[in-house]
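The next block holds one structure in the form of structure tokens; read it before the comments.
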Amino acid sequence: MLDFHPLQLEDLPKLRQFFGYSRSRICDTTPGTVFIWRDIYKTEWALYGGSLYFKVDYPGLGPTFTLPLGGGRPEHFKQIAGYCCRRDMPIAFYPVPKDELEALQAFFPASTAVGERDNFDYLYRAEDLKYFRGKKLSGQRNHVNKFLKTYGNWLFRPMVPEDIPDVKEFLDRYAARWNKGAATFHEDIAKTHEILDNYQTYDLLGGVLSVEGRIAGFSLGEIIGDTLFTHIEKADRDYEGCYQMLVAQYAQQFAGEGVSFINREDDTGDLGLRTSKLSYHPVALLEKYTVTVDEPCKFC
């Protein structure tokens, strides 16, 4: 029987192993995404039968379940149906990757699946983001060349604990300048501070870009399977080409052997962000669906 608990940062070390069972390249099944957004989405977790279950309260959807990590789908679906039946609540799953949709709806034939473009992840070839080769990426390459010509004394290197105070100061300046007023913006800044304050616990891959000894940007991400996930990326736009330089250097540093793809997450429907992410020419948009099921007791 499933017994859910509020997700806390101290749960990360004991739950980390389960994320290796992820069956897709979507960002929602990575430790970084789950823990960064755990509070705003009221995430709860349960372990049962060697599988990790998450229950998440997304705005506008109410309580939903992600696809569990580890074990077999029929048993997962049966456990979730039983949990919902005992509480007389409908079943809702989100996010469901496109390649998991058929199996889910085969188990729950009386279900409805809805995709939301704003939530689709952008997936890129790692080699494309490392060097911006070819005509289609010439614009990004030009930005990098502009950066190189303008700022001779620059450095990119992996983040170390000694960098944390300076990175936090940079983050505060960034937040003050680009404050969007949205709850998600403030949560993103707060959780980035949490990552920096608990750098060893999160165990993310950090990279810092500096110009003339001054931080110009930083990135935080992680590798799951063959994919490097970029969770956090902040840069000072006053440095021309800074974002493109940060993207390329981060990919070169961390997308090594065995890493074929880079996931740069969704655009949340922000037109400027969408334009930017499309300009890097993704090889795929990873579709995500919300699946709702009525009468859960039919499937226990």
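As numbered in our numbering, residues 620 to 919 make up the sequence shown, in order. Ideal placement from N, C-alpha and C gives every residue a C-beta, glycine not left out. Since the structure is predicted, the reported quantities are computational estimates derived from the model, not experimental observations.
Label residue i either buried or exposed according to how many other C-beta atoms from any shown protein chain fall within 10 Å of its C-beta, with 16 as the threshold for buried.
| i | result |
| --- | --- |
| Pro-901 | buried |
| Arg-644 | buried |
| Asn-772 | exposed |
| Gln-698 | buried |
| Cys-916 | exposed |
| Gly-826 | buried |
| Lys-810 | buried |
Is residue i helix, strand or coil when you go by DSSP?
| i | result |
| --- | --- |
| Arg-644 | coil |
| Gly-753 | coil |
| Glu-859 | coil |
| Phe-623 | coil |
| Phe-712 | strand |
| Tyr-821 | helix |
| Ala-901 | Rather than Ala, the amino acid found at residue 901 in this sequence is Pro. Three-state DSSP puts Pro-901 in coil, outside helix and strand. |
| Thr-956 | In the structure as shown, the chain begins at 620 and stops at 919. Residue 956 is therefore absent and cannot be evaluated. |
| Glu-781 | helix |
| Ile-814 | helix |
| Asp-676 | strand |
What does the alpha-carbon distance come out to for the pair residue i and residue j?
| i | j | result |
| --- | --- | --- |
| Arg-920 | Asn-761 | In the structure as shown, the chain starts at 620 and stops at 919, and residue 920 therefore has no counterpart that could be examined. |
| Tyr-908 | Ala-700 | 18 Å |
| Ser-641 | Leu-628 | 20 Å |
| Arg-635 | Met-778 | 21 Å |
| Glu-876 | Gly-891 | 32 Å |
| Ile-783 | Lys-749 | 25 Å |
| Asp-718 | Asp-737 | 18 Å |
| Asp-676 | Thr-662 | 7 Å |
| Asp-913 | Ala-711 | 9 Å |
| Thr-683 | His-695 | 14 Å |
| Tyr-869 | Phe-848 | 11 Å |
| Tyr-818 | Gly-679 | 32 Å |
| Pro-728 | Tyr-713 | 17 Å |
Indicate whether residue i and residue j have their beta-carbon atoms separated by less than 8 Å.
| i | j | result |
| --- | --- | --- |
| Phe-638 | Leu-688 | yes |
| Phe-823 | Ile-814 | This sequence places Leu at residue 823; Phe is not what is there. Yes, Cβ-Cβ distance for Leu-823 and Ile-814 is below 8 Å. |
| Lys-787 | His-812 | yes |
| Pro-650 | Glu-859 | no |
| Phe-726 | Leu-905 | no |
Would you call the segment 742-757 and the segment 770-784 touching, i.e. three or more CB-CB distances under 8 Å?
Contact fails: fewer than three Cβ-Cβ distances are below 8 Å.
Below 8 Å, how does it come out for the segment 836-845 and the segment 854-872: are there three or more Cβ pairs, yes or no?
Enough Cβ pairs lie closer than 8 Å, so yes.
With three or more beta-carbon pairs closer than 8 Å as the criterion, would you say the segment 876-884 touches the segment 738-748?
At 8 Å Cβ cutoff, the stretches touch.
With three or more beta-carbon pairs closer than 8 Å as the criterion, would you say the segment 855-872 touches the segment 800-810?
Three or more beta-carbon pairs separated by less than 8 Å are not found between the segment 855-872 and the segment 800-810, which leaves the two stretches without contact.
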